[in-house]
Structures are given as C-alpha cells and as structure tokens.
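Participant:
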Amino acid sequence: MKRHLNSTLVYVLLTIAAALILYPVIYTFFMAVMSPEEASAYPPSFFPHSFHMDNFTEVFEIVPIAAFIGNTFLISGLTMIGQLITASLAAYAFAKMEFKGKNFIFSMFVATMMIPWEVTIIPNYLTVRSWNWLDTYQGLTVPFLATAFGTFLLRQFFLQLPKELFEAARMDGCGHVRYFLFHVLPLSRPALGTLAVYSFLNMYNSYLWPLLITNSENMRTVQIGISMLEFQESTSWNLVFAGTALVILPSLLLLIFGLKQLVRGMAAGALKG
Amino acid sequence: MGELNKSMGLGTRSQQQASSKARVHTGSLKIQRLRENALAYTFLAPSLILFAVFMFYPMIKSVYLSLHSTDPAGNVAAYVGLDNFATLFSSGQFLQGIKVTLLFALLTVPVGILLALVLAALTHSKLRGMRIFQFAFSLPMVLSVGSSAVIWKFLFHPTLGMFNYVLSLLHINPVPWLTSPDWALFSVAIMTIWMNLGFNYIILSSGLQGIPDDMYESAKMDGAGPLVTFWRISMPLLSPTIFFVTVVSIIGAFQSFAQINILTKGGPVNSTNVFVYSIYQEAFVNFRFGTGSAQAIVLFVVILLLTMIQFKWVERKVHYQ
Numbered sequence: 002m003k004r005h006l007n008s009t010l011v012y013v014l015l016t017i018a019a020a021l022i023l024y025p026v027i028y029t030f031f032m033a034v035m036s037p038e039e040a041s042a043y044p045p046s047f048f049p050h051s052f053h054m055d056n057f058t059e060v061f062e063i064v065p066i067a068a069f070i071g072n073t074f075l076i077s078g079l080t081m082i083g084q085l086i087t088a089s090l091a092a093y094a095f096a097k098m099e100f101k102g103k104n105f106i107f108s109m110f111v112a113t114m115m116i117p118w119e120v121t122i123i124p125n126y127l128t129v130r131s132w133n134w135l136d137t138y139q140g141l142t143v144p145f146l147a148t149a150f151g152t153f154l155l156r157q158f159f160l161q162l163p164k165e166l167f168e169a170a171r172m173d174g175c176g177h178v179r180y181f182l183f184h185v186l187p188l189s190r191p192a193l194g195t196l197a198v199y200s201f202l203n204m205y206n207s208y209l210w211p212l213l214i215t216n217s218e219n220m221r222t223v224q225i226g227i228s229m230l231e232f233q234e235s236t237s238w239n240l241v242f243a244g245t246a247l248v249i250l251p252s253l254l255l256l257i258f259g260l261k262q263l264v265r266g267m268a269a270g271a272l273k274g
Numbered sequence: 395m396g397e398l399n400k401s402m403g404l405g406t407r408s409q410q411q412a413s414s415k416a417r418v419h420t421g422s423l424k425i426q427r428l429r430e431n432a433l434a435y436t437f438l439a440p441s442l443i444l445f446a447v448f449m450f451y452p453m454i455k456s457v458y459l460s461l462h463s464t465d466p467a468g469n470v471a472a473y474v475g476l477d478n479f480a481t482l483f484s485s486g487q488f489l490q491g492i493k494v495t496l497l498f499a500l501l502t503v504p505v506g507i508l509l510a511l512v513l514a515a516l517t518h519s520k521l522r523g524m525r526i527f528q529f530a531f532s533l534p535m536v537l538s539v540g541s542s543a544v545i546w547k548f549l550f551h552p553t554l555g556m557f558n559y560v561l562s563l564l565h566i567n568p569v570p571w572l573t574s575p576d577w578a579l580f581s582v583a584i585m586t587i588w589m590n591l592g593f594n595y596i597i598l599s600s601g602l603q604g605i606p607d608d609m610y611e612s613a614k615m616d617g618a619g620p621l622v623t624f625w626r627i628s629m630p631l632l633s634p635t636i637f638f639v640t641v642v643s644i645i646g647a648f649q650s651f652a653q654i655n656i657l658t659k660g661g662p663v664n665s666t667n668v669f670v671y672s673i674y675q676e677a678f679v680n681f682r683f684g685t686g687s688a689q690a691i692v693l694f695v696v697i698l699l700l701t702m703i704q705f706k707w708v709e710r711k712v713h714y715q
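Going line by line, the protein sequences match chains A and B. Count along the first sequence from 1, add 1, and you get the number used in the working numbering. Count along the second sequence from 1, add 394, and you get the number used in the working numbering.
1) Nearest chain A C-beta to B:Met-556 closer than 8 Å, yes or no?
2) Could you tell me whether the Cβ of A:Lys-164 comes closer than 8 Å to any Cβ of chain B?
3) Is any beta-carbon of chain A found at less than 8 Å from that of B:Lys-706?
4) At the level of alpha carbons, what is the spacing between B:Val-642 and B:Trp-707?
5) Does the beta carbon of A:Gln-224 sit closer than 8 Å to a beta carbon anywhere in chain B?
6) Would you check if the segment 239 to 256 of chain A and the segment 221 to 231 of chain A touch, i.e. whether three or more CB-CB distances between them fall below 8 Å?
7) Would you identify the three-state DSSP class for B:Ala-416, choosing helix, strand or coil?
8) Using a Cβ-Cβ distance cut-off of 8 Å, determine whether A:Ala-243 contacts chain B.
9) Closest to B:Ala-688 by C-alpha separation, out of B:Ser-456, B:Leu-496, B:Met-449, would be which residue?
10) Any idea which residues DSSP pairs B:Val-569 with across the strands?
11) Take the Cβ of B:Asn-558 as the centre, count every other Cβ of all protein chains shown within 10 Å, and call the residue buried at 16 or more, exposed below.
12) Step through the CB atoms of chain A and report whether any lies within less than 8 Å of the CB of B:Met-609.
13) Starting from B:Thr-481, follow the alpha helix (DSSP H) in both directions and report where the run begins and ends.
14) Going straight from the alpha carbon of A:Pro-163 to that of B:Leu-482, what length do you get?
15) With DSSP run on the structure shown, which of helix, strand or coil describes B:His-551?
16) Report the CB separation of A:Ala-19 from B:Ala-530 in whole angstroms; it is logged as a contact under 8 Å.
17) Output the residue ranges of the alpha helix (DSSP H) runs that lie fully inside the segment 149 to 183 of chain A and measure 4 residues or longer, sorted by chain position.
18) Can you tell me which of the three DSSP states A:Thr-195 falls into?
19) Quick check on B:His-565: buried or exposed, where buried means 16 or more other Cβ atoms within 10 Å of its Cβ?
20) Count the other CB atoms within 10 Å of the CB of A:Tyr-138; is the residue buried (16 or more) or exposed (fewer)?
21) At 4 residues or longer, what runs of the alpha helix (DSSP H) sit wholly inside the segment 34 to 101 of chain A?
22) Under a three-way DSSP split, which group does B:Ala-471 fall into?
23) Using only CA atoms, which one of A:Leu-21, A:Leu-253, A:Val-11, A:Leu-10 lies nearest to B:Trp-588?
24) Determine the contact status of A:Leu-15 and A:Ile-76, defining contact as a CB-CB distance below 8 Å.
25) Given a cut-off of 8 Å on the beta-carbon distance, is the pair B:Leu-591 and A:Leu-256 in contact?
26) Below 7 Å CB to CB, which residues in the same chain sit around A:Phe-158 once its five sequence neighbours on both sides are set aside?
27) Going by the CB atoms, is the gap between A:Val-13 and B:Leu-516 shorter than 8 Å?
28) So which residues on chain D does B:Val-494 lean against when the C-beta distance must stay under 9 Å?
29) Once you ignore the five residues that flank B:Gly-380 on each side, which residues in its own chain have a CB closer than 6 Å to its CB?
30) Suppose you measure from the CA of A:Val-64 to the CA of B:Asn-431; what does that come to, to the nearest Å?
31) Please list the partners that B:Leu-631 has in chain A, where partner means a Cβ-to-Cβ separation under 9 Å.
32) By Cβ distance below 6 Å, which residues in the same chain neighbour A:Asn-72 in space, the five residues on each side in sequence not counted?
33) Which of the residues in the segment 458 to 472 of chain B, read from start to end, lie with their CB under 8 Å from any CB of chain A?
34) When we look at the beta-carbon of B:Asn-478 and count the other beta-carbons within 10 Å, is it buried (16 or more) or exposed?
35) How about B:Gln-675: is its C-beta nearer than 8 Å to some C-beta of chain A?
36) Taking only beta-carbon positions, decide if B:Ser-441 is within less than 8 Å of chain A.
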C-alpha cells in the first residue's frame with residue numbers, strides 16, 4: 002500500500018516537472034499555429050483556438066528561412082563529415098600505432114581541450130577575415146573540422162577492439178590503412194554515430210561564430226535568422242514562432258532517433274573528465 | 395611548429411612509400427618502423443594542422459594582441475606591455491562584469507544541478523513509462539541557445555508574456571523580467587537553468603546507472619529506506635559525476651553568450667554584461683582588439699584553473715579507489 006502511494010507521488014512529481022520543462026516547447030508549437038490576432042491578444046491563450054498552418058508558408062515568404070535551413074544543414078553536415086574523418090584518423094594513430102613523439106602529441110591534443118573556443122575567437126576572426134573567408138562556407142566550417150573530444154571518444158572505442166583481430170589481419174598481410182578502412186571503421190559504427198550526432202548538433206546550434214562572420218542574409222544560419230525574425234517590426238509573433246518551430250524540429254527529431262547515441266557520447270565525456 | 399613541419403614532411407614521404415608496396419616484404423625492421431611513423435604522422439596531420447592554425451596560433455596571437463594596442467581594423471599599433479590588463483582591472487565595468495559572471499554562475503550552477511539530480515534520482519526507479527520522462531528531461535539539451543532564447547524572450551514579455559499572465563491569475567503584480575536591472579540577470583539565469591537541465595540530467599542519470607545493482611540490493615537487505623540508500627550509497631558513488639557536472643557548468647556559465655545577446659544585450663545598465671559578452675562588445679562592437687584579447691586571456695586563465703582543479707580532484711579520487 003505504501004509502495005503504491007510512493008509511486009503515485011513519483012508520477013505526480015515527474016508529470017509536473019515534465020509539464021514545466023516541456024512548456025516552452027509546447028508553447029512554441031501552439032503559438033506557431035495561432036492566428037495573428039490570437040497570438041498578440043491579451044490575455045494570452047494557453048491553447049490555440051484556431052489552426053493556421055498558413056503561418057509556416059508565410060514565414061518562408063518573409064525571411065529566407067529556406068536558405069537559413071539549407072545553410073545550416075550544409076555547414077553542419079560538412080563539419081560532421083570533416084570531424085568524423087579527422088578524428089577517426091587521429092584516433093587510429095593514437096590507439097593502434099607506435100610512433101615517435103606519441104606522448105608529446107597526445108598531450109598537445111589534451112591541451113586543445115583546455116583552450117575555450119571563445120578565447121581564440123578574436124585571432125580566428127582576424128585570420129578568417131584576412132583570407133577573405135567572411136560570408137563563406139569555408140569560413141563557417143574549416144575552423145571546426147578537427148576535434149579533440151571526438152578523437153578521444155573514438156580512441157577509447159578503438160582501444161576496446163580485440164587485439165586478436167588486429168593480429169589476425171596482420172597475418173593476412175593487411176596493413177594499417179586497410180585494417181583501418183575495412184575492419185576498424187565498420188566495427189566502430191556506434192562510436193562514429195555518437196560523434197556524428199554530437200558534432201552535427203553542435204554546429205546546428207552554434208551562434209557566436211556565424212553571428213560574427215556572416216553578413217549577407219543568404220549566408221546566415223537558422224540560429225541567427227531566428228533571432229533576426231523578432232526584430233522585423235512588421236512580423237507578428239505567430240510567424241516568429243512558426244519559424245522557431247521549423248528550426249527546432251530537426252533537433253527534436255534528432256533527439257527522438259539519437260537519444261541513445263547522444264547519451265553514450267555524453268557519458269563517455271563525463272567518464273573521461 | 396617544428397613538430398608539425400616534421401609531420402608534414404614525413405606525411406608526403408609516406409605516400410611515396412606506400413606506392414611501392416613491394417618494399418614491405420623486403421624492408422628491414424627499421425624501415426618498417428619508419429613507415430609506421432610516417433603513416434601515423436599522415437593520420438595525425440589533418441587534425442594537427444587544423445589545431446595549429448585555429449587553436450595554437452590564435453592562442454599565441456591572443457597573448458600577443460593583449461600586449462598591444464590595435465587600430466579599428468585589427469592591425470597592431472603599438473606595444474603597450476601590461477597596460478591593457480591594467481586598464482581592465484582599474485575599470486569599474488570589467489570588475490562589475492566579473493561580479494556579474496560570478497553571480498550568474500552562483501544563480502545557475504547549484505540550482506541547475508540540484509534539479510537535475512532530483513529528476514535523475516526519481517527517474518532511476520524501475521517504474522513504468524520512465525522513458526517518456528527521460529525523453530522530456532533530456533529535451534532542452536538539443537534545443538539551441540539561439541532558438542530557446544527567442545522562445546523565452548516572449549515568455550518574459552512584460553505585458554503579453556505567459557509568465558506575467560500566470561502571475562496576474564494569482565493576483566501577483568507583473569514582474570519586469572528583462573527590463574529591470576534587479577531582475578534581468580535572475581531571468582536569464584532561469585532560462586539558462588532550463589537550458590542546461592538536459593545535459594546535467596543526462597550525465598547524472600548515466601552516473602546513477604553506473605552504480606552496480608548489488609550495492610542497492612545489499613542496502614535493501616540491511617533494511618535501508620530509499621532516502622537513506624540515496625544519501626549513503628548513491629551520493630558518495632555519484633560524487634565524481636556531480637563534481638564533473640559542477641565544473642562543466644561553471645565553465646559554461648563563464649562562456650555564456652547567446653542567451654545574453656538575445657535576451658538583454660548585456661543590459662539594462664550592464665546588469666547582465668557577462669565575460670564573453672564583454673569580450674564581444676570590446677572586440678567586435680568597439681573594435682578594441684587589444685583589450686578584448688586581454689579579457690580573453692583572463693577568461694582563459696580562469697577556465698584553465700577550473701579545469702586543473704578538476705583534473706587534480708579526479709586524480710586524487712582515482713588514487714583513492
């Protein structure tokens with residue numbers, strides 16, 4: 002009887018917490034389908050009384066949101082692929098190869114993790130500007146193509162692969178390159194998936210760098226675009242929220258399909274910490 | 395840089411070597427070792443080059459810039475020694491900024507972790523439907539600061555926002571969430587706690603999952619209730635995870651930017667002018683790259699100290715076990 006009461010209490014507490022935490026997100030989707038009058042009415046409504054799907058099409062006409070989304074997917078995808086390549090190569094070298102200066106180079110990788118990205122932002126901005134990379138895709142992506150965190154994550158995974166496999170492959174005359182491409186990478190899909198989700202999301206959500214180095218409207222990313230929306234005097238709230246809803250939708254989908262991968266990656270980071 | 399040049403040189407050589415495959419079999423052990431070295435450097439080269447250009451060089455350049463004054467285009471005008479730092483520490487605004495950042499960390503970190511810990515502990519039970527709650531509590535993590543801040547800006551709206559409307563239903567006077575210097579930092583902190591909840595929750599949950607079940611079973615055998623079990627078993631075993639989350643949250647608080655830029659722009663009256671926001675202001679609005687870099691160096695030192703404390707602590711913890 003007491004147990005039963007306890008679990009009811011837990012459910013009640015969790016439901017209240019979940020409602021409070023989810024509310025800003027639910028509110029976004031509610032506002033996104035309200036009519037302009039309802040969205041700016043007082044008192045504000047908790048639930049939409051109308052259903053305006055037109056908001057979504059209208060927001061595409063007001064701001065180049067399709068371009069924003071396209072840009073963001075492009076740079077997030079490029080960064081993701083780049084990080085997977087550079088991190089898996091470096092991780093393989095650290096995990097499976099012997100070379101001079103391994104410890105020194107490894108400690109250099111550790112050192113990069115201690116440099117907060119914000120600290121290097123001024124020189125990086127000046128570098129990118131001097132290369133005339135402002136407002137370009139390479140300016141948005143190239144500085145983020147290598148990742149120490151990703152290298153650690155993959156190195157850890159590569160180290161766990163059975164030694165026998167490596168020895169057997171070597172016996173068959175399989176060199177490092179072939180072993181890496183045809184044995185290690187296919188076996189590491191879970192770890193690569195984690196890094197992929199993680200790096201994609203990071204780039205998709207980044208704000209300060211795109212804000213600094215993009216000027217023209219058609220180079221902006223969604224995060225900047227969405228905060229520009231609210232400054233447009235002519236737009237009404239329902240459209241701002243329709244835009245926001247469109248922008249957060251991919252992240253939500255990624256969470257639905259990638260929660261497990263993401264948790265694994267985060268946990269790996271914590272354990273390493 | 396010397397290391398890098400070497401690695402690049404070896405990198406190209408390895409490709410030449412790879413092309414003549416026959417040599418593998420005839421090559422002595424020494425050549426083989428050389429080949430392995432060359433190949434390893436080739437594998438490392440992309441990461442190393444990128445780190446050199448976008449991490450190590452900028453780090454040195456930051457130090458260099460912090461000792462110089464610059465023109466608005468970012469060109470170095472003169473060597474000024476430690477003047478930039480002296481200016482910073484004698485300006486009330488920078489000290490105020492440090493105070494704001496510390497206060498911001500104090501407002502966001504303890505509450506953020508405590509909330510996440512309670513939720514993680516509650517969802518750790520083997521009751522039905524916990525996955526839905528796990529999903530709900532992880533959700534803020536994937537939402538970007540940019541779009542979250544826009545959403546919260548409207549929740550905070552003085553007249554039309556949902557918060558003041560709910561308060562009015564409870565017959566409480568409207569709160570000037572973002573418009574009053576007394577409230578603004580507090581409001582940004584609420585939003586930040588919400589935003590960080592996902593990450594904290596995920597880390598603490600997986601920390602709890604890492605505690606072996608037989609620990610709990612033996613506690614149960616000894617007749618310990620859930621609260622006693624939590625305090626005596628979960629908390630001590632979870633303490634490294636809690637420590638990790640704390641350090642990461644403090645570092646995060648020192649790096650906050652987007653929510654400040656969207657919600658308050660450092661105002662009103664600099665009441666939310668945190669570290670990174672003032673670096674941004676100094677360098678990219680006022681075009682004073684020298685003092686901006688000096689601030690960045692101070693930020694680096696603060697974060698470095700926090701990271702070192704964390705490593706020391708973890709080291710000691712590992713030694714203990």
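Every residue gets a Cβ at the ideal spot worked out from N, C-alpha and C, and that includes glycine. Here the structure is a predicted model, which is why all the values come from computation and not from measurement.
Facilitator: Checking against the coordinates, here is how it stands:
1) As a position in the second sequence, residue 556 of chain B is number 162, starting the count at 1. At least one chain A Cβ lies under 8 Å of B:Met-556.
2) By 1-based counting over the first sequence, the position of residue 164 of chain A is 163. A:Lys-164 does not count as touching chain B.
3) Position 312 of the second sequence, counted from the start, is the residue given in the question as residue 706 of chain B. By this cut-off, B:Lys-706 is not an interface position.
4) Position 248 of the second sequence, counted from the start, is the residue given in the question as residue 642 of chain B. Position 313 of the second sequence, counted from the start, is the residue given in the question as residue 707 of chain B. Computed Cα separation, rounded: 14 Å.
5) Here residue 224 of chain A refers to the residue found at position 223 of the first sequence. Yes - at least one Cβ of chain B is within 8 Å of the one on A:Gln-224.
6) yes
7) Residue 416 of chain B sits at position 22 when you count from the first residue of the second sequence. The predicted model places B:Ala-416 with a pLDDT of 48, which falls under 50 and marks its position as unreliable; any figure quoted below should be read in that light. Coil at B:Ala-416, not helix or strand.
8) Here residue 243 of chain A corresponds to residue number 242 of the first sequence, with the count starting at 1. No, A:Ala-243 lies away from the interface with chain B (no Cβ there is under 8 Å from its Cβ).
9) As a working mapping, residue 688 of chain B is identified with position 294 in the second sequence. Of the listed residues, the one whose Cα sits closest to B:Ala-688 is B:Ser-456.
10) Counting from 1 along the second sequence, the entry for residue 569 of chain B is found at position 175. None; B:Val-569 has no bridge partner.
11) One-based indexing of the second sequence puts residue 558 of chain B at position 164. Buried: at least 16 other Cβ atoms inside 10 Å.
12) Indexing the second sequence from 1 puts residue 609 of chain B at position 215. Closer than 8 Å to the CB of B:Met-609 there is not a single CB belonging to chain A.
13) As a first step, residue 481 of chain B must be located in the second sequence, where it is residue number 87. Run containing B:Thr-481: 477 to 484, per the alpha helix (DSSP H) assignment.
14) For the purposes of this step, residue 163 of chain A is identified with residue 162 of the first sequence, where counting begins at 1. For the purposes of this step, residue 482 of chain B is identified with residue 88 of the second sequence, where counting begins at 1. For A:Pro-163 and B:Leu-482, the distance between alpha carbons rounds to 55 Å.
15) The count along the second sequence starts at 1 and reaches residue 551 of chain B at position 157. Residue state, collapsed to three classes: coil.
16) For the purposes of this step, residue 19 of chain A is taken as residue 18 along the first sequence, with counting starting at 1. For the purposes of this step, residue 530 of chain B is taken as residue 136 along the second sequence, with counting starting at 1. A:Ala-19 to B:Ala-530, Cβ: 4 Å. Contact.
17) 149 to 161, 164 to 172, 177 to 180
18) Within the first sequence, numbered from 1, the residue matching residue 195 of chain A stands at position 194. For A:Thr-195, the three-state secondary structure derived from DSSP is helix.
19) For this step, residue 565 of chain B is matched to residue 171 along the second sequence. With fewer than 16 Cβ atoms within 10 Å of its Cβ, B:His-565 is classed as exposed.
20) Taking the first sequence and counting its residues from 1, the one referred to as residue 138 of chain A is at position 137. A:Tyr-138 should be labelled exposed.
21) Those alpha helix (DSSP H) runs which fall completely within the segment 34 to 101 of chain A and span 4+ residues are 37 to 40, 55 to 63, 66 to 97.
22) Within the second sequence, residue 471 of chain B is the residue found at index 77, counting from 1. In this structure, B:Ala-471 counts as strand in the three-state DSSP scheme.
23) Translated into positions along the second sequence, residue 588 of chain B becomes position 194. Answer by Cα proximity: A:Leu-21.
24) For the purposes of this step, residue 15 of chain A is taken as residue 14 along the first sequence, with counting starting at 1. For the purposes of this step, residue 76 of chain A is taken as residue 75 along the first sequence, with counting starting at 1. In this structure, A:Leu-15 lies away from A:Ile-76, with their beta-carbon atoms at least 8 Å apart.
25) Counting from 1 along the second sequence, the entry for residue 591 of chain B is found at position 197. Counting from 1 along the first sequence, the entry for residue 256 of chain A is found at position 255. No, the Cβ-Cβ distance between B:Leu-591 and A:Leu-256 is not below 8 Å.
26) Position 157 of the first sequence, counted from the start, is the residue given in the question as residue 158 of chain A. Contacts found: Ser-189, Ala-192.
27) Sequence index remark: in the second sequence, residue 516 of chain B carries index 122 (1-based). Sequence index remark: in the first sequence, residue 13 of chain A carries index 12 (1-based). No; because the gap between Cβ atoms is not below 8 Å, this pair is not in contact.
28) Of the protein chains in this structure, namely A and B, none is chain D.
29) What the structure shows of chain B is the stretch from 395 to 715, and residue 380 of chain B is not part of that stretch, so it cannot be assessed.
30) Stepping through the first sequence from its first residue, residue 64 of chain A is reached at position 63. Stepping through the second sequence from its first residue, residue 431 of chain B is reached at position 37. A:Val-64 and B:Asn-431 have their C-alpha atoms spaced approximately 53 Å apart.
31) Numbered from its first residue, the second sequence carries residue 631 of chain B at position 237. Within chain A, no residue comes near B:Leu-631; the closest Cβ sits about 13 Å away, beyond 9 Å.
32) Walking along the first sequence from the start, residue 72 of chain A turns up at place 71. Same-chain partners within the cutoff: Thr-222.
33) Taking 8 Å as the Cβ-Cβ cut-off against chain A, the residues of the segment 458 to 472 of chain B that qualify are Leu-459, Gly-468.
34) For this step, residue 478 of chain B is matched to residue 84 along the second sequence. It counts as buried.
35) For the purposes of this step, residue 675 of chain B is identified with residue 281 of the second sequence, where counting begins at 1. No, because no Cβ of chain A sits closer than 8 Å to the Cβ of B:Gln-675.
36) Taking the second sequence and counting its residues from 1, one reaches residue 441 of chain B at position 47. It does: the Cβ of B:Ser-441 has a partner Cβ on chain A nearer than 8 Å.
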